[in-house]
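Under the working numbering, the residue at position 228 of the sequence shown is numbered 228, and the numbers go up by one with no gaps.
Where a beta carbon is used, it is the ideal one built from N, C-alpha and C, also for glycine.
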Amino acid sequence: MTKSTAYDLPESVWQKWAGPEYDGIRQAVLVFGGHIRKEAVITSFAEVSFAFQEGETTNTVKGVLYLTTRRIVFLPKNTIPHPQLIQAQFSNLRCLSGNRNDLMISISDTSSAAANFKFPTVKALYQCFNSLRKLCEAIRADEEAYRKATYDLATAQNLDETPFASIECDLSEVDNSAKLEVNAPQKIVKAEEADDPRAEPVIELLSPVQKIGEKFNQTNFDIHIKLRILFIVSLVSFLLKFIPFFPLTALVIIGIQIISAWINIKKDRTDDDDYVDADAQWKGHPVEGTYKVLKFFNEWFMWQDPRKSASLFQASFLVFVSWAILPTKIYVTVVFLAFSVFLVKPLLHRSVIGHIVTGFWFST
């Protein structure tokens with residue numbers, strides 16, 4: 001057998017996702033950016049206790065500890081989401097330690113966060129530590145070693161119970177984990193698509209949201225994301241001291257359209273026919289309203305419809321230039337009249353309120 005198929009996980013392993021007892025871990029994997037067609041459950045350990053600090057006291061909560069092909073996940077018995085839900089990818093772990101007397105396994109990751117898990121029996125302690133260590137070391141090796149380790153653990157009748165009194169294992173940094181993955185058989189993939197034939201178009205349409213979510217999962221939110229948000233808020237506040245909101249909005253629209261036009265010119269886009277086909281593709285689809293909203297922004301801001309985008313660009317340019325050269329009182333009067341004549345009046349004639357309340361905007 002070739003390397004690509006020698007260690008493929010059997011269908012019985014992938015079919016675990018369909019069982020109701022795996023609903024919790026399935027949700028956790030999806031929430032933390034995983035994919036159930038590229039990540040499988042290897043084993044689980046029940047009645048595991050997680051110790052956490054609450055004020056000056058140390059409390060414990062019982063749950064199930066799962067090992068998948070990419071991560072370790074602790075799910076408390078109650079519900080998801082739960083404040084004590086723990087997950088860590090093997091590639092992010094830096095240290096593992098086990099203690100026979102305390103029946104305890106401790107893990108720490110790249111951010112120096114640590115978690116302690118207490119097991120009900122010595123057997124479960126040995127099995128979990130040895131399996132976790134093999135997975136962490138395999139993901140730091142080559143593809144064949146990783147696939148062999150996941151296959152051996154997933155198909156083993158009895159997990160490794162090599163004993164120890166006290167053990168600690170330091171793990172190196174890893175940069176190839178994104179390339180190491182297992183894939184569900186085509187039979188399983190096709191069966192899932194048959195169960196939900198509309199799932200794939202939705203995923204494609206909402207892929208930008210998924211990318212944002214993955215970015216949040218891979219970044220320290222408290223430090224990086226909040227600083228970016230604060231920077232944008234500070235920049236807008238600073239600009240509003242010199243430019244009123246309306247001209248600033250017009251300037252932003254001009255900038256977006258110029259960047260979009262430059263990108264389209266570089267791509268030499270000639271996809272009008274594909275765009276028409278896309279309308280037919282989404283017609284009658286449950287996310288047709290979302291598609292129409294995206295279509296609206298593409299037509300007016302992204303030059304999908306050159307006439308509409310050019311009209312918006314000209315209007316934004318006139319708004320900004322008028323603010324720059326006209327006295328404030330004259331500018332406000334001109335903008336108010338233009339707003340009433342060229343926007344409000346045509347919209348009223350088209351029963352815009354009725355379209356918003358009953359149309360795709362409202363449903364979206």
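is_contact[residue i, chain C] using C-beta, thresh 7 Å
i      : result
Val341 : This model lacks chain C altogether, as it is built from one protein chain only.
Cβ-based burial, residue i [other Cβ within 10 Å; buried from 16]
i      : result
Asn101 : exposed
Arg133 : buried
Gln127 : buried
Gly255 : exposed
Glu200 : Residue confidence is low: Glu200 scores 48 on pLDDT, short of 50, so the model does not pin down where it sits. No coordinate-derived value is stated.
Phe238 : exposed
Phe90  : buried
Arg26  : buried
Pro327 : exposed
Asp196 : Any reading at Asp196 must be qualified, since the residue scores a pLDDT of 48, below 50, and its modelled position is unreliable; the value itself is stated next. Classification for Asp196: exposed.
Gly98  : buried
Gln157 : exposed
Val41  : buried
Asp271 : Interpretation of Asp271 is limited by its pLDDT of 49, a score under 50 that renders its predicted location unreliable; the figure taken from the coordinates is listed afterwards. Asp271 is exposed by the Cβ-count criterion.
Gly24  : buried
Ser12  : exposed
Pro163 : exposed
Ser131 : buried
Trp323 : buried
Ile72  : buried
Asp274 : Note that Asp274 scores a pLDDT of 47, beneath 50, so its modelled location is shaky; the value from the coordinates is reported in the next line. Exposed, since its Cβ has fewer than 16 Cβ neighbours within 10 Å.
Leu240 : exposed
Leu227 : exposed
Gln304 : buried
Opposing strand residues paired with residue i [DSSP bridges]
i      : result
Val48  : Gly63
Lys118 : Ser49 and Met104
Phe242 : Bridge partners of Phe242: none, in fact.
Asn371 : Because the chain in this structure spans residues 1 to 364, residue 371 falls outside the shown range and cannot be described.
Asp109 : Leu93
Thr68  : Val41
Glu54  : Thr57
Boundaries of the beta strand (DSSP E) in which residue i is found, first to last residue
i     : result
Gln89 : Ile86 to Gln89
Arg71 : Arg71 to Pro76
Beta-carbon separation (whole angstroms), residue i vs residue j, contact threshold 8 Å
i      : j      : result
Cys136 : Leu85  : Actually they are not in contact, since the Cβ atoms of Cys136 and Leu85 sit about 20 Å apart, beyond 8 Å.
Phe129 : Leu96  : 7 Å
Ala88  : Ile107 : 7 Å
Pro244 : Phe320 : Not quite, the Cβ-Cβ distance comes to about 10 Å (not below 8 Å), so this is no contact.
Thr150 : Val174 : With 8 Å as the limit, Thr150 and Val174 do not qualify as a contact, their Cβ atoms being about 15 Å apart.
Residue range of the unbroken alpha helix (DSSP H) whose run includes residue i
i      : result
Lys38  : No alpha helix (DSSP H) contains Lys38, which DSSP labels as neither H nor E.
Leu337 : Thr328 to Phe339
Glu143 : Glu143 to Thr155
Arg307 : Pro306 to Ile325
Ser172 : From DSSP, Ser172 is part of no alpha helix (DSSP H); its letter is neither H nor E.
Leu343 : Note, Leu343: premise wrong, no alpha helix (DSSP H); not H, not E.
Trp303 : First-last for Trp303: undefined, no H or E at that position.
Gly385 : Residue numbering for the chain in the displayed model covers 1 to 364; residue 385 lies beyond these limits and cannot be assessed.
Val13  : Glu11 to Trp14
Heavy atom of the ligand ZN within 6 Å of residue i beta-carbon
i      : result
Asn298 : Because no ligand of any kind appears in the structure shown, any question about the ligand ZN cannot be addressed here.
Item to check | the region 103-121 touching the region 45-52, judged by at least three CB pairs closer than 8 Å | outcome: Output reads yes: the region 45-52 touches the region 103-121.
Next on the checklist: Across the region 31-40 and the region 100-115, are there enough close Cβ pairs to call them in contact, namely three or more that are closer than 8 Å?
Outcome noted: no
Checklist entry - For the region 136-148 against the region 59-66, are there 3 or more C-beta pairs whose distance is under 8 Å? => result no
Next on the checklist: Using a Cβ distance threshold of 8 Å, determine whether the region 246-254 contacts the region 309-322, with at least three qualifying pairs required.
Outcome noted: Three or more beta-carbon pairs separated by less than 8 Å link the region 246-254 to the region 309-322, which places the two stretches in contact.
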